[in-house]
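Each remark here refers to the structure printed beneath this line.
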Amino acid sequence: MLTSLAFIFLVGLSLAAICQALKLPRIIGMLITGILLGPYVLNVLDPSILSISSELRQIALIIILLKAGLSLNLADLKKVGRPAIMMACIPATFEILAYFLLAPYFLGITRLEAAVMGAVMGAVSPAVVVPRMVQLMDEKYGTAKSIPQMILAGASCDDIYVIVLFSTFSTMAQGGSAHLKDFINIPVSIILGIALGSVAGYLLSLFFETAYAHSHMVRNSLKVIVVMGVAFLLMSIETWLKPVVSVSGLLAVVSMACVLKLKCTASVSARLSQKFGKLWLAAEVLLFVLVGASVDIRYTLKAGPAALAMIFAALLIRTLGVSLCVTGTNLTWRERLFCSIAYLPKATVQAAIGSVPMAMGLSCGQIVLSVAVLGILITAPLGAIGMDCSYKKLLSREIDKSQIFSS
Numbered sequence: 295m296l297t298s299l300a301f302i303f304l305v306g307l308s309l310a311a312i313c314q315a316l317k318l319p320r321i322i323g324m325l326i327t328g329i330l331l332g333p334y335v336l337n338v339l340d341p342s343i344l345s346i347s348s349e350l351r352q353i354a355l356i357i358i359l360l361k362a363g364l365s366l367n368l369a370d371l372k373k374v375g376r377p378a379i380m381m382a383c384i385p386a387t388f389e390i391l392a393y394f395l396l397a398p399y400f401l402g403i404t405r406l407e408a409a410v411m412g413a414v415m416g417a418v419s420p421a422v423v424v425p426r427m428v429q430l431m432d433e434k435y436g437t438a439k440s441i442p443q444m445i446l447a448g449a450s451c452d453d454i455y456v457i458v459l460f461s462t463f464s465t466m467a468q469g470g471s472a473h474l475k476d477f478i479n480i481p482v483s484i485i486l487g488i489a490l491g492s493v494a495g496y497l498l499s500l501f502f503e504t505a506y507a508h509s510h511m512v513r514n515s516l517k518v519i520v521v522m523g524v525a526f527l528l529m530s531i532e533t534w535l536k537p538v539v540s541v542s543g544l545l546a547v548v549s550m551a552c553v554l555k556l557k558c559t560a561s562v563s564a565r566l567s568q569k570f571g572k573l574w575l576a577a578e579v580l581l582f583v584l585v586g587a588s589v590d591i592r593y594t595l596k597a598g599p600a601a602l603a604m605i606f607a608a609l610l611i612r613t614l615g616v617s618l619c620v621t622g623t624n625l626t627w628r629e630r631l632f633c634s635i636a637y638l639p640k641a642t643v644q645a646a647i648g649s650v651p652m653a654m655g656l657s658c659g660q661i662v663l664s665v666a667v668l669g670i671l672i673t674a675p676l677g678a679i680g681m682d683c684s685y686k687k688l689l690s691r692e693i694d695k696s697q698i699f700s701s
């Protein structure tokens with residue numbers, strides 16, 4: 295396993311640096327590293343690390359979500375309100391409808407199989423989007439109109455919506471039936487996740503304050519470990535309660551970090567945010583290399599031009615959904631274009647559930663996996679490059695008033 299980790303970090307960072315030198319997003323180098331080192335090309339990664347790949351990816355995702363929550367200003371998020379809620383479900387719904395209506399003609403599958411495929415492809419990748427929105431918030435691009443906050447909130451919620459729909463459609467494709475309870479679970483999962491995380495964040499802030507009041511200083515490094523431990527526990531609670539009630543662990547993690555930022559002093563939350571930012575340097579490599587390792591490049595050859603056309607048609611219809619979400623807002627056409635670009639990337643969810651239909655024995659399993667793999671290879675770099683190259687041109691930068699007055 296240590297040899298595999300050495301390859302992941304050294305080769306991943308090297309290819310990321312090469313891509314950065316070529317003015318390409320670092321994520322591309324990391325994804326290529328995973329594909330090359332993974333079991334479908336060179337096969338140099340230890341099976342033991344691949345067996346816990348999903349858990350390692352989840353840890354990396356938790357780190358960036360904690361960083362995001364500690365950077366998120368809830369007052370700014372309240373300003374966007376309706377668009378943020380709509381971004382959590384409307385773009386994904388439009389994309390699922392695109393597959394439902396067009397995939398039978400493009401790919402020769404049934405309507406129900408097309409719905410399963412749409413549910414696999416409908417989610418935006420928080421692993422690609424969230425780090426970039428955190429960067430925009432740090433650099434103050436688009437923050438005057440809370441654009442990164444809106445995209446971050448929507449990207450964190452739409453995965454829940456899509457995964458619930460995927461479970462429903464795949465059950466129906468196996469000969470089962472959909473239940474009203476499955477759809478009710480969507481808002482329940484979101485509400486309970488936010489509530490659980492808020493309580494955890496409040497209790498953590500009380501613990502840190504009480505320790506400080508009794509002259510028991512908790513170093514920021516120790517606070518990071520404690521916060522990480524509680525975040526892991528929140529994710530575990532989602533699994534424990536799954537048979538009883540649906541709870542979003544990812545939203546709980548973000549909510550906990552947001553409440554910590556509200557309750558802790560500004561200096562403490564800023565230090566915690568910096569420390570999680572440093573942790574992300576290693577976690578980012580691990581996340582994207584392992585996502586790349588889960589991609590079976592052979593399936594892209596079987597997908598063919600029809601799958602390629604289907605993916606781009608669905609993305610086009612998805613952008614209409616994003617446009618609908620920001621209708622009636624004060625965003626300019628440039629800012630609306632950026633929102634559409636930010637909602638293009640697929641990676642995490644598609645890598646996680648793309649092979650599930652095949653494992654379930656569905657006749658559409660292979661074509662769904664082929665489209666999922668192709669979607670990752672096209673949209674993850676496309677969205678990442680689009681955001682990295684356009685945000686300075688499409689978004690306005692908020693001026694720090696304190697710097698003006700000091701000068």
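Quick note: the sequence shown uses our numbering, first residue 295, plus one each step.
Each residue gets a CB set at the ideal place from its N, CA and C atoms; glycine is no exception.
Can you check which of these residues, Leu304, Arg320, Thr504, is closest to alanine 310 by C-alpha distance?
Taking only the C-alpha atoms, the option nearest alanine 310 is Arg320.
Own chain partners of proline 426 with C-beta closer than 7 angstroms, once the 5 adjacent residues on each side are dropped:
Strictly speaking, residue 426 in this sequence is arginine, with proline absent from that position. So the qualifying residues of the chain are Met681.
Meets three-Cβ-pair contact criterion under 8 angstroms: the segment 341-348 and the segment 399-414:
no
Going by the beta-carbon positions, is the gap between glycine 363 and cysteine 552 smaller than 8 angstroms?
yes
When DSSP labels each residue in this structure, what does arginine 513 get in the three-state scheme?
Shown here, arginine 513 sits in coil according to DSSP, grouped into three states, outside any helix or strand.
If you draw a straight line from the C-alpha of serine 308 to the C-alpha of valine 493, how long is it?
Looking at the two C-alpha atoms, the distance is approximately 42 angstroms.
Under the three-state DSSP convention, the category tyrosine 455 falls into:
helix
Cα separation between alanine 560 and isoleucine 441?
22 angstroms
Quick one, which of Ala636, Leu663, Ile356 has its alpha-carbon nearest cysteine 683's?
Selected option, being the one with the closest Cα: Ala636.
So what's phenylalanine 699 in DSSP terms, helix, strand or just coil?
Note that phenylalanine 699 scores a pLDDT of 40, beneath 50, so its modelled location is shaky; the value from the coordinates is reported in the next line. Helix at phenylalanine 699.
Kindly indicate which three-state DSSP category tyrosine 435 falls into: helix, strand or coil?
Reduced to three states, the DSSP call for tyrosine 435 is strand.
Nearest residue (CA-CA) to alanine 354, options Pro385, Val456, Phe606, Lys572:
Lys572
With 16 other Cβ atoms within 10 Å as the buried cut-off, status of methionine 444
buried
Since I believe alanine 408 is in contact with tyrosine 393 (beta carbons under 8 angstroms), could you give me their beta-carbon distance rounded to a whole number of angstroms?
5 angstroms
Can you have a look at lysine 596 and say buried or exposed, based on whether 16 or more other CB atoms are within 10 angstroms of its CB?
exposed
By how many angstroms is the C-alpha of alanine 421 removed from the C-alpha of glycine 586?
12 angstroms
Please tell me whether, using a cut-off of 7 angstroms, the distance from the CB of isoleucine 679 to the nearest non-hydrogen atom of the ligand ADP is below it.
The ligand content of the structure shown is nil, which means the ligand ADP is not present either.
Among Leu689, Lys686, Ala641, which has the Cα closest to the Cα of threonine 673?
Ala641
Assuming serine 542 is part of the alpha helix (DSSP H), what are its boundary residues?
Here serine 542 belongs to no alpha helix (DSSP H), and DSSP marks it neither H nor E.
Buried or exposed for methionine 604, going by 16 or more other Cβ atoms inside 10 Å?
Residue burial annotation: methionine 604 is buried, with at least 16 other C-beta atoms found within 10 angstroms of its C-beta.
Report all residues from its chain with a CB closer than 6 angstroms to the CB of lysine 434; omit the five preceding and five following residues, and keep chain order.
Arg691, Glu692
If contacts are defined as beta-carbon pairs under 8 angstroms, then methionine 380 and cysteine 633 qualify, I think. What distance do you get, rounded to the angstrom?
With 8 angstroms as the limit, methionine 380 and cysteine 633 do not qualify as a contact, their Cβ atoms being about 11 angstroms apart.
Taking just the CA atoms, how far does glutamate 578 sit from glutamate 503?
31 angstroms
Ignoring anything shorter than 4 residues, give me the alpha helix (DSSP H) runs that lie fully in the segment 301-352, in order along the chain.
320-331, 341-345
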